[in-house]
Amino acid sequence: MRFLRDESKFAQGKVAFLQYLTVGVFLFIVGGYWNLQIHNEEIYSLKAERNRIKSLPIPAPRGKILDRDQRVIVDNQSSFSVLLSRETLKEEHLKPIAEGLDLEYDEIVAQLKRHKDRPRYLPIIIKEELTPAEIAFVESHRDPDTYPELEMIHTERRVYPANGFASHMVGYTGEVSEQELNLPDFAKYQQGDLVGKTGIERQYNDVLTGVDGQRQVLVDNKGNERRLMGLKPAVPGQSIQLTVDLDVQTVMELAMDNKRGGAVALDPRNGEILGMVSRPGFDLGRLSSRERTKRWREIFSNPDKPLLNRAIQAQLAPGSTFKPIVALAALESGEITNDTSFSCGGGWNFFGRYFHCHNKRGHGATSLKKAIAQSCDVYFYNVGNKIGIDQISKYAEIAGFGAKTGVDLPSEAEGTLPSTKWKIRALREKWYGGDTISVAIGQGYLTVTPIQLAHAIGGLSIGGIWHTPHLLKGDAPAKRARKADLDLEHVRLVLDGMCEVVNGWGTATGSRLPGIEMCGKTGTAQTASNEYQRAKGIRLKDNAWFVAFAPRVNPEIAVAVLFEDGEHGPAAGLIARDIVKAYFDKKTRKELSQTNSEAVTAGLASKPPGAVN
Amino acid sequence: MLNLRNLREVDWTLLILTLIICCIGVLQIYSATQASDQADRWWKQVLYICAGLVVFYLVTQIDYHTLVGQSPMLYVVFGIILVFLLVLSRVVLGAKRWISLGAGFKLQPSEFMKLILILLIARYISELKSDSMRLSDLLKLSGLVLVPFILVSLQPDLGTALCYLPILAVGILLAGLTKQQAVVLSIVFMLLVPAGWFVLKDYQKARITSFLDPASDPQGSGYQVMQSKIAVGSGGMWGLGVTRGMQIQLRFLPFAHTDFIFAAFAEEHGFVGVVFVLGLYFLLLMQILQNAQTAPDRAGTAICLGVGALMLFHVLENAGMVAGLMPVAGIPLPLMSYGGSSILSFFLMLGLVNNVRLRRFLQ
Numbered sequence: 208m209r210f211l212r213d214e215s216k217f218a219q220g221k222v223a224f225l226q227y228l229t230v231g232v233f234l235f236i237v238g239g240y241w242n243l244q245i246h247n248e249e250i251y252s253l254k255a256e257r258n259r260i261k262s263l264p265i266p267a268p269r270g271k272i273l274d275r276d277q278r279v280i281v282d283n284q285s286s287f288s289v290l291l292s293r294e295t296l297k298e299e300h301l302k303p304i305a306e307g308l309d310l311e312y313d314e315i316v317a318q319l320k321r322h323k324d325r326p327r328y329l330p331i332i333i334k335e336e337l338t339p340a341e342i343a344f345v346e347s348h349r350d351p352d353t354y355p356e357l358e359m360i361h362t363e364r365r366v367y368p369a370n371g372f373a374s375h376m377v378g379y380t381g382e383v384s385e386q387e388l389n390l391p392d393f394a395k396y397q398q399g400d401l402v403g404k405t406g407i408e409r410q411y412n413d414v415l416t417g418v419d420g421q422r423q424v425l426v427d428n429k430g431n432e433r434r435l436m437g438l439k440p441a442v443p444g445q446s447i448q449l450t451v452d453l454d455v456q457t458v459m460e461l462a463m464d465n466k467r468g469g470a471v472a473l474d475p476r477n478g479e480i481l482g483m484v485s486r487p488g489f490d491l492g493r494l495s496s497r498e499r500t501k502r503w504r505e506i507f508s509n510p511d512k513p514l515l516n517r518a519i520q521a522q523l524a525p526g527s528t529f530k531p532i533v534a535l536a537a538l539e540s541g542e543i544t545n546d547t548s549f550s551c552g553g554g555w556n557f558f559g560r561y562f563h564c565h566n567k568r569g570h571g572a573t574s575l576k577k578a579i580a581q582s583c584d585v586y587f588y589n590v591g592n593k594i595g596i597d598q599i600s601k602y603a604e605i606a607g608f609g610a611k612t613g614v615d616l617p618s619e620a621e622g623t624l625p626s627t628k629w630k631i632r633a634l635r636e637k638w639y640g641g642d643t644i645s646v647a648i649g650q651g652y653l654t655v656t657p658i659q660l661a662h663a664i665g666g667l668s669i670g671g672i673w674h675t676p677h678l679l680k681g682d683a684p685a686k687r688a689r690k691a692d693l694d695l696e697h698v699r700l701v702l703d704g705m706c707e708v709v710n711g712w713g714t715a716t717g718s719r720l721p722g723i724e725m726c727g728k729t730g731t732a733q734t735a736s737n738e739y740q741r742a743k744g745i746r747l748k749d750n751a752w753f754v755a756f757a758p759r760v761n762p763e764i765a766v767a768v769l770f771e772d773g774e775h776g777p778a779a780g781l782i783a784r785d786i787v788k789a790y791f792d793k794k795t796r797k798e799l800s801q802t803n804s805e806a807v808t809a810g811l812a813s814k815p816p817g818a819v820n
Numbered sequence: 170m171l172n173l174r175n176l177r178e179v180d181w182t183l184l185i186l187t188l189i190i191c192c193i194g195v196l197q198i199y200s201a202t203q204a205s206d207q208a209d210r211w212w213k214q215v216l217y218i219c220a221g222l223v224v225f226y227l228v229t230q231i232d233y234h235t236l237v238g239q240s241p242m243l244y245v246v247f248g249i250i251l252v253f254l255l256v257l258s259r260v261v262l263g264a265k266r267w268i269s270l271g272a273g274f275k276l277q278p279s280e281f282m283k284l285i286l287i288l289l290i291a292r293y294i295s296e297l298k299s300d301s302m303r304l305s306d307l308l309k310l311s312g313l314v315l316v317p318f319i320l321v322s323l324q325p326d327l328g329t330a331l332c333y334l335p336i337l338a339v340g341i342l343l344a345g346l347t348k349q350q351a352v353v354l355s356i357v358f359m360l361l362v363p364a365g366w367f368v369l370k371d372y373q374k375a376r377i378t379s380f381l382d383p384a385s386d387p388q389g390s391g392y393q394v395m396q397s398k399i400a401v402g403s404g405g406m407w408g409l410g411v412t413r414g415m416q417i418q419l420r421f422l423p424f425a426h427t428d429f430i431f432a433a434f435a436e437e438h439g440f441v442g443v444v445f446v447l448g449l450y451f452l453l454l455m456q457i458l459q460n461a462q463t464a465p466d467r468a469g470t471a472i473c474l475g476v477g478a479l480m481l482f483h484v485l486e487n488a489g490m491v492a493g494l495m496p497v498a499g500i501p502l503p504l505m506s507y508g509g510s511s512i513l514s515f516f517l518m519l520g521l522v523n524n525v526r527l528r529r530f531l532q
């Protein structure tokens, strides 16, 4: 054989070289495995766990909002939301995902930016209330080869009443904002949490918010759930009961429909708010979603300011609805009595300046009762001139004007209660007598909110006790009452005048209700002075006001209605009448059903034993 | 053919070590596939091993000198097959590495090229007159290896092609490499590596970048290494137990019964298991090198050293890749990874080593 050659020394050195090489290679490999399996075992075990254990949030449903009879105003409804996991997120997936879910790409990017300070393993919700088509999109694309960053969870979605019903009072929810996170109220919240933004949702956010839970599942590389590893159930938020009566609220909503303005109905005996409405409204369901830019722009750019809760935030001149307070101030200060009478010739000359009465022909000899009933301006010019601004201011302050009523809603407005001190402080000007004449008929510097008016007249109607208005049922009312030391005879005189407005020869006889002694006061307030309107060459419509309480004895309800551009107070009076009527209709129905059920119970009890079954 | 002398003379150390490693491989294939649609893989592997034993026996029967003598012819035949495959792959998309033998069995000619190269180098070495290498020898050796290397790289199967390099290295070593030549060669090699970078395909470059920093693209090419390292690392000292490997059972570990079988084994059997199996490989390699030492001639030494170097390269690359010590290249772990071609090819090589041992006293 030609390959055979004896060369035993040929291999020696070379074999030895390969042997050493082998030893070296194996030492290298063993060293590498030592490093992974012994030295860094914990790191890789943790990574393995992160691989296979997925934590999914279980958002806690917010508490329900109920009316005084436990009827549901705001509920929750089960729905699906889509989560975006940021750990596995790929930039180039965002566009097709946005397209598939009908979202704006920029919005997702902005959302990701907002969340960049939170730990990356926490997924973020990018769309709620998925449609069946969107659910199908997520289901068919969340595999690891397409968009593994998608995840779907079950959530309880807030369901609000439709068409803006009670929208301002209830308020909307939204993702907590950067600014809010800096507030002490929101200290325990994190970027991305859903919080109440306005109204009851904001005021009682802590009560309504539950504690989110978490679900840990074992997943395979396709993201399929293999096994449940751990479950921390969500603790739902507590439901809250409001003092609002849905029957009254419904009538208020209907009465104010297609108008601009606000109305408040409350129980003067304890401050419970029976209903509150503001128009124009907005659709809460549409505002409370996380993706909102488009809808927001529409609402913000609306010149009618639909987000303004006019019931507590509209600060406007109250017009003649303020006269009962001026009358009270005059009686209390002793400048007039029930017998004091002024002559009205359709106007009044004050140092060369002529002030009109709304009745150009004049009211003739006018007493207190007639002055309130027919809203004689000249009478109140005289009275105001006699007692001066600071007396008016004093009693208006007692009635709660010029300060927040303390209602349990965020962002209540204070209104403006002018006085000599106020004018120097706010305008750096001396108070003139002419200023007083305007304030005496509810014009000039004076502005009030509808809730202040209902609160003021309500308190007056029960003899000068002012209970703080509130929406949360079960708030101890006694502690929140303010009693003024008034002569009850004076109060009675003012209330008599208000009774005459509706039930006698007054300005709001159209609001008379058979069987219910409703008392009230109309107001027709200019939105700008005559001089201003003439100078601008415009004619602005007057705001119509009405404030009412009923019945005359032991009143149970006080109502204030602001009807912007309503032209005449009586127009607002009709709205107030409907609200008061709704309240008493409900009361009658309730009493009737109670006697009925008592009768049924009695009937059952009187059956002979053994007759049942 | 089969007689008592042959049975007694069989390299039992080599064969028993081989079979133990194969058994561990089968168990690991079973564990990694038991809950999947590939649950039939373990007994298929058993069939391949049986076929491997037959091949082992057959290759022992033919004197290796005959095989060495036939190597140029085999080289040409398989060279043509590789060219044919390459041309076919340009025409029919997809078909590249395999020749289908029907009934689901496929043959990978590049696997068998390894063996042919070992024989061819052995022949070349035994024909050398001088003890120190000349430049012409170096060029001839390199040329012989580079032709199949390029053909297989173009398939593209760089992993298998790289396996030809240790065979070439053994050839150069045996041809009588001097110290000066070693220095020059290392310099040339170091210059060639960066040049090779421009020839690599994107996914191959990505494999190397991801080897340097696996976290850079966890879903892409680095994903496999990341998951593999996690599997190995979470195995710890004692492992998670047979069929308990989470990375395997939840399918995070890719190719858990083929290229990444050692990661699967490391997860379930821990560092202790790893050291045990590496020990088996070490003993196997030492036995092969021992046979190189006792070989009756240059050709026998060259065959044993070629097989040894090739196996060492396989173990280094595969076990290293799985632990993130080496870049990803799709080459199997000898005797453990699932795959008929790989099993047959290694049994053929070990049969050759046994062949050399059987004839050690022929002189």
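Chains W and X supply the protein sequences, listed in that same order.
Numbered according to the working numbering, the first sequence terminates at residue 820, and the numbering increases by one at each position without gaps.
Numbered according to the working numbering, the second sequence terminates at residue 532, and the numbering increases by one at each position without gaps.
No residue lacks a Cβ here, since even glycine has one placed at the ideal position from N, Cα and C.
As the structure is a computational prediction, the values presented were derived from the model and not from experiment.
Can the beta-carbon of M463 (chain W) be found closer than 8 Å to that of I782 (chain W)?
What you label residue 463 (chain W) is simply residue 256 of the first sequence in a count that begins at 1. What you label residue 782 (chain W) is simply residue 575 of the first sequence in a count that begins at 1. Yes, they are a contact pair.
Simplified DSSP state of M406 (chain X), which is helix, strand or coil:
Here the question's residue 406 (chain X) lines up with position 237 in the second sequence. Judged by DSSP in its simplified three-state form, M406 (chain X) adopts coil rather than helix or strand.
Give the secondary structure of Y411 (chain W) by DSSP, where H, G and I count as helix, E and B as strand, and everything else as coil.
The sequence position of residue 411 (chain W) within the first sequence is 204, counting from 1. If DSSP states are grouped into helix, strand and coil, Y411 (chain W) belongs with coil.
Please confirm if G399 (chain X) has its CB atom under 8 Å from at least one CB of chain W.
For the purposes of this step, residue 399 (chain X) is identified with residue 230 of the second sequence, where counting begins at 1. Correcting the residue identity first, residue 399 (chain X) is Ile in this sequence and not Gly. By this cut-off, I399 (chain X) is an interface position.
Give a yes or no on contact between the segment 429-441 of chain X and the segment 438-458 of chain W, applying the rule of three or more CB pairs nearer than 8 Å.
Fewer than three beta-carbon pairs drawn from the segment 429-441 of chain X and the segment 438-458 of chain W are found closer than 8 Å, and the two stretches are therefore not classed as touching.
When Cβ atoms are compared, which residues of the segment 421-444 of chain W fall closer than 8 Å to chain X?
Only those residues of the segment 421-444 of chain W whose C-beta falls short of 8 Å from the nearest C-beta of chain X are listed: L425, V426, D427, N428, K429 and R433.
Sub-8 Å separation of Q244 (chain W) and V228 (chain X) beta-carbons:
Taking the first sequence and counting its residues from 1, one reaches residue 244 (chain W) at position 37. Taking the second sequence and counting its residues from 1, one reaches residue 228 (chain X) at position 59. No; because the gap between Cβ atoms is not below 8 Å, this pair is not in contact.
Going along chain W, which residues have a C-beta under 8 Å from Q462 (chain X)?
Counting from 1 along the second sequence, the entry for residue 462 (chain X) is found at position 293. Neighbourhood of Q462 (chain X) in chain W, by CB distance below 8 Å: A218, Q219 and V222, in chain order.
Could you tell me whether the Cβ of R467 (chain X) comes closer than 8 Å to any Cβ of chain W?
Stepping through the second sequence from its first residue, residue 467 (chain X) is reached at position 298. Chain W contact via Cβ: present.
Tell me, which residues are paired with G403 (chain W) by DSSP?
Here residue 403 (chain W) refers to the residue found at position 196 when the first sequence is read from its first residue. Its beta-bridge partners are W:T380.
Rounded to a whole number of angstroms, what is the C-alpha to C-alpha distance between S618 (chain W) and G381 (chain W)?
If you number the first sequence from 1, residue 618 (chain W) lands on position 411. If you number the first sequence from 1, residue 381 (chain W) lands on position 174. The straight-line gap separating the alpha-carbon atoms of S618 (chain W) and G381 (chain W) is approximately 17 Å.
Got a sec: is the Cβ-Cβ distance from S299 (chain X) to anything in chain W below 8 Å?
The sequence position of residue 299 (chain X) within the second sequence is 130, counting from 1. Chain W, which has no Cβ nearer than 8 Å to the Cβ of S299 (chain X), makes this no.
Whole runs of the alpha helix (DSSP H) within the segment 603-641 of chain W, excluding any shorter than 4 residues
Counting only runs of 4 or more, we get 627-634.
Where does M455 (chain X) sit, in a helix, a strand or coil, going by DSSP?
If you number the second sequence from 1, residue 455 (chain X) lands on position 286. Reduced to three states, the DSSP call for M455 (chain X) is helix.
CA-CA distance, E335 (chain W) and R364 (chain W)?
Here residue 335 (chain W) corresponds to residue number 128 of the first sequence, with the count starting at 1. Here residue 364 (chain W) corresponds to residue number 157 of the first sequence, with the count starting at 1. In this model, E335 (chain W) and R364 (chain W) are separated by some 8 Å (Cα to Cα).
Euclidean distance between Cα positions of I356 (chain X) and L334 (chain X)
Translated into the one-based positions of the second sequence, residue 356 (chain X) becomes position 187. Translated into the one-based positions of the second sequence, residue 334 (chain X) becomes position 165. One alpha carbon belongs to I356 (chain X), the other to L334 (chain X), and they sit about 16 Å apart.
In the structure shown, what three-state DSSP assignment does S374 (chain W) receive?
Mapped onto the first sequence, residue 374 (chain W) falls at position 167. Reduced to three states, the DSSP call for S374 (chain W) is helix.
Proximal residues of chain X, C-beta to C-beta of L243 (chain W) below 7 Å:
Here residue 243 (chain W) corresponds to residue number 36 of the first sequence, with the count starting at 1. From the beta-carbon of L243 (chain W), the residues of chain X found nearer than 7 Å are K398, V401, G402 and A492.
Which first and last residues belong to the alpha helix (DSSP H) in which Y333 (chain X) is found?
Indexing the second sequence from 1 puts residue 333 (chain X) at position 164. That run of the alpha helix (DSSP H) goes Y333 to L343.
I want to verify the contact list: residues of chain C whose CB lies under 8 Å from the CB of S252 (chain W), in sequence order.
Here chain C cannot be found, since the structure's protein chains are W and X.
Give every residue of the same chain whose Cβ lies closer than 8 Å to the Cβ of E774 (chain W), excluding the five residues on either side of it in the sequence, and list them in chain order.
Numbered from 1 along the first sequence, position 567 holds the residue referred to as residue 774 (chain W). Take E774 (chain W), set aside five residues on each side of it, and the residues of its chain with a beta-carbon closer than 8 Å to its own are T731, K748, D749 and A751, in chain order.
Quick one: which chain W residues come within Cβ less than 8 Å of M359 (chain X)?
Here residue 359 (chain X) is taken as the residue at index 190 of the second sequence, counted from 1. Against chain W, a Cβ distance below 8 Å from M359 (chain X) picks out nothing, because the smallest value is about 19 Å.
Using a Cβ-Cβ distance under 8 Å, would Q225 (chain W) count as near chain X?
Numbered from 1 along the first sequence, position 18 holds the residue referred to as residue 225 (chain W). Sequence check: residue 225 (chain W) is Leu here, not Gln. Chain X, which has a Cβ nearer than 8 Å to the Cβ of L225 (chain W), makes this yes.
Find the residues of chain X that neighbour I506 (chain W), judging by a C-beta separation of less than 7 Å, and give them in chain order.
Locating residue 506 (chain W) in the first sequence gives position 299, where the first residue counts as 1. Going along chain X, no residue has its Cβ under 7 Å from I506 (chain W), so there is no contact; the nearest lies around 41 Å.
Near R759 (chain W), what residues of its chain come up, given a Cβ to Cβ distance below 6 Å and the 5 sequence neighbours on each side ignored?
Along the first sequence, read from residue 1 onward, the residue named residue 759 (chain W) stands at position 552. Hits under 6 Å: C706, E724 and C726.
Of the residues that make up the segment 753-777 of chain W, which ones have a beta carbon closer than 7 Å to any beta carbon in chain X?
Nothing from the segment 753-777 of chain W brings a Cβ to less than 7 Å from some Cβ of chain X.
Roughly how many angstroms separate the alpha carbons of G404 (chain X) and M302 (chain X), rounded to a whole number?
Along the second sequence, one-based indexing puts residue 404 (chain X) at 235. Along the second sequence, one-based indexing puts residue 302 (chain X) at 133. Spanning the two alpha carbons is a distance of roughly 48 Å.
At a CB distance below 8 Å, what residues from the segment 376-404 of chain W approach chain X? Give them in sequence order.
Cβ proximity to chain X below 8 Å picks out nothing from the segment 376-404 of chain W.
Who are the neighbours of V443 (chain X) on chain W, taking C-beta pairs under 8 Å?
Along the second sequence, read from residue 1 onward, the residue named residue 443 (chain X) stands at position 274. In chain order: V237, Y240 and Q244.
Any chain X beta carbon closer than 8 Å to F233 (chain W)
In the first sequence, residue 233 (chain W) corresponds to position 26, counting from 1. Taking Cβ atoms only, chain X reaches closer than 8 Å to F233 (chain W), which makes this a yes.
Suppose only complete runs of 3+ residues qualify. What are the beta strand (DSSP E) ranges in the segment 415-464 of chain W, listed by chain order?
Runs of the beta strand (DSSP E) lying entirely within the segment 415-464 of chain W and spanning at least 3 residues, in chain order: 420-426 and 432-439.
Would you identify the three-state DSSP class for R257 (chain W), choosing helix, strand or coil?
Taking the first sequence and counting its residues from 1, one reaches residue 257 (chain W) at position 50. R257 (chain W) sits in a helix when the DSSP states are folded into three classes.
contact_flag[the segment 529-538 of chain W, the segment 636-653 of chain W] where n(CB pairs < 8 Å) is 3 or more
At 8 Å Cβ cutoff, the stretches touch.
Note down, in chain order, every chain W residue with its Cβ under 7 Å from the Cβ of M415 (chain X).
Counted from its first residue, the second sequence places residue 415 (chain X) at position 246. The answer, in chain order, is A255 and R259.
Quick check on H570 (chain W): buried or exposed, where buried means 16 or more other Cβ atoms within 10 Å of its Cβ?
Position 363 of the first sequence, counting from 1, holds the residue named residue 570 (chain W). Buried is the label assigned to H570 (chain W), since at least 16 other Cβ atoms lie within 10 Å of its Cβ.
Opposite I764 (chain W) in the DSSP bridges: which residues?
Within the first sequence, residue 764 (chain W) is the residue found at index 557, counting from 1. As DSSP reads the structure, I764 (chain W) sits in a beta bridge with W:A757.
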